[in-house]
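Trainee: What follows is a single structure, and I will ask about it in a moment.
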Amino acid sequence: MKKRKLKGFVLPSIYGLVVFCLFATVYFLNNSLNFTAPELNQNDNSVTVNVDNQENSDIYVVSPVPEKPIIPFTKDGVTISKSFYNFEDDAEKQQNSLIYYENTYMQNTGVLYSSDESFDVLASVDGTVKDVKEDEILGSVVTVEYNSNVTVIYYSLSDVKVTTGMNVKTNDIIGTSGANKLENEKQNCLLFEVYINGNLVNPIDFFEMKLEDLNK
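Throughout, the numbering used here is defined as the position within the sequence shown, counted from one, plus 171.
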């Protein structure tokens, strides 16, 4: 019996067909699933993901969930005019934490920020606006409730952007810095107060607290 052999051109043809199929598959996958790696925005730490679907190109910006409350402004040049009055501080620090108004010294119940220029006042945490009102001494006041245990209050605002009942997210603009009637204060101020379980807390300490702990 004669053994049959494949003709010389058959094997190269099969090999060529296999290679062609491999290249075609890679090319098809590369064009069908064109995914650009996430890019980190250096300004706000958000992640931008580009998805190219041939005809339509969509950009999704995913903001990271904050782990702590934020300082309620980002503008340079904003400084602390008066610190939180702490009964455990030494006499010099306590003196520098007193607010003077109409021949009366008052203990500062928050942190008083000031600047030579106007600055946006941002929501330090998510929450619901519980009250918007005018104070004769401290100007416009916005109260935001983070949860049943945590409340933050923004004093001395101008151009308030929120209304009672509105939900705000961290970094949302509450308003802009404004004036108050406290002696020697600049025209661009923000008095920031924090209450936890009904007790005043130093905002500087508040900024270092983890939100997961505040939710307990």
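Ideal placement from N, C-alpha and C gives every residue a C-beta, glycine not left out.
If you're wondering where the values come from, they're calculated on a predicted model, not measured in any experiment.
I'd like the list of long-range same chain contacts for Ser268, defined as Cβ closer than 8 Å, with 5 residues on each side in sequence excluded.
Mentor: By 1-based counting over the sequence shown, the position of residue 268 is 97. Cβ neighbours of Ser268 beyond the five flanking positions: Lys253, Ser254, Phe255, Tyr256, Asn257, Asp260, Gln278 and Asn279.
Trainee: With a Cβ-Cβ cutoff of 9 Å, do Lys357 and Gly346 count as a contact?
Mentor: In the sequence shown, counting from the first residue as 1, residue 357 sits at position 186. In the sequence shown, counting from the first residue as 1, residue 346 sits at position 175. The answer is no: Cβ separation not under 9 Å.
Trainee: At what residues does the alpha helix (DSSP H) containing Ile375 begin and finish?
Mentor: For the purposes of this step, residue 375 is identified with residue 204 of the sequence shown, where counting begins at 1. Residues Pro374 to Phe377.
Trainee: Suppose the cutoff is 7 Å on Cβ atoms and the five residues either side in sequence are ignored; what does the same chain contact list for Val282 look like?
Mentor: As a working mapping, residue 282 is identified with position 111 in the sequence shown. Ile251, Ser254, Phe255, Phe363, Pro374 and Ile375.
Trainee: Could you pull the start and end residues of the alpha helix (DSSP H) that Glu383 belongs to?
Mentor: As a position in the sequence shown, residue 383 is number 212, starting the count at 1. Looking at the DSSP string, the run of the alpha helix (DSSP H) that includes Glu383 is Leu382 to Leu385.
Trainee: Considering Cα atoms alone, identify which of Val303, Val249 and Glu316 is closest to Gly369.
Mentor: Looking up residue 369 in the sequence shown gives position 198. Checked all of Val303, Val249 and Glu316; the closest Cα to Gly369 is Glu316.
Trainee: Pull up the distance between the alpha-carbon of Val236 and that of Asn274, whole angstroms please.
Mentor: For the purposes of this step, residue 236 is identified with residue 65 of the sequence shown, where counting begins at 1. For the purposes of this step, residue 274 is identified with residue 103 of the sequence shown, where counting begins at 1. Spanning the two alpha carbons is a distance of roughly 46 Å.
Trainee: Note the first and the last residue of the continuous alpha helix (DSSP H) segment covering Lys264.
Mentor: Here residue 264 corresponds to residue number 93 of the sequence shown, with the count starting at 1. Here the alpha helix (DSSP H) through Lys264 covers Ala262 to Gln266.
Trainee: When you compare each of Thr335, Thr322 and Val292 to Val303 by their alpha carbons, which one comes out closest?
Mentor: Translated into positions along the sequence shown, residue 303 becomes position 132. The residue with the shortest Cα to Cα distance from Val303 is Thr335.
Trainee: Checking the sheet assignment: what are the DSSP bridge partners for Glu316?
Mentor: Residue mapping note: residue 316 aligns to position 145 of the sequence shown, counting from 1. Beta-bridge pairing links Glu316 to Thr299 and Thr322.
Trainee: When the Cα of Ala350 is compared with those of Glu288, Thr341 and Val321, which residue comes out closest?
Mentor: What you label residue 350 is simply residue 179 of the sequence shown in a count that begins at 1. Ranking Glu288, Thr341 and Val321 by Cα distance to Ala350 puts Glu288 first.
Trainee: Return the bridge partner residues of Phe363 from the DSSP annotation.
Mentor: As a working mapping, residue 363 is identified with position 192 in the sequence shown. Answer is Val282 and Tyr325.
Trainee: Thinking C-beta only, is Ser285 closer than 9 Å to Ile241?
Mentor: Here residue 241 refers to the residue found at position 70 of the sequence shown. Here residue 285 refers to the residue found at position 114 of the sequence shown. No, they are not a contact pair.
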